[in-house]
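Structure record follows, encoded as structure tokens.
Numbering (the working numbering), first residue to last: -10 to 79.
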């Protein structure tokens, strides 16, 4: 399950970066919201999967409360999931 979490973590991070730095600027600068609509749902599903897998892995990987909350917080910080992958999942 750890490998699944790593994959979801990387995909969630990539989808967040693409959404935040490509789709949102296109929406507001180019008046085209189609990219946000197209990427929003997959990113949302990946975010939910990330949170669920983090809860499932908490006891398996012996994360204390501070580590666990840092892992959850990383999902809303750009590039945060990549840091988590490097520090806690490799």
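The beta carbon of each residue, even a glycine, is placed where N, CA and C say it ideally should be.
CB of residue i within 8 Å of CB of residue j, strictly
i: residue 67; j: residue 9; result: yes
i: residue 57; j: residue 47; result: yes
i: residue 72; j: residue 62; result: no
i: residue 112; j: residue 25; result: The requested residue 112 is not part of the displayed model; the chain covers only -10 to 79.
Pairwise C-alpha distance: residue j and residue i
i: residue 27; j: residue 40; result: 22 Å
i: residue 55; j: residue 42; result: 17 Å
i: residue 78; j: residue -8; result: 8 Å
Rounded distance between the beta-carbons of residue j and residue i, thought under 8 Å
i: residue -5; j: residue 74; result: 6 Å
Residue from the options with nearest C-alpha to residue i
i: residue 32; options: -8, 69, 7; result: 7
i: residue 69; options: 0, 44, 34, 30; result: 0
i: residue -10; options: 53, 5, 44; result: 44
i: residue 5; options: 53, 78, 52, 34; result: 34
Which whole runs of the alpha helix (DSSP H) in the segment 13 to 63 are 4 residues long or more, in chain order? Qualifying alpha helix (DSSP H) stretches, in chain order: 13 to 18, 23 to 46, 54 to 63.
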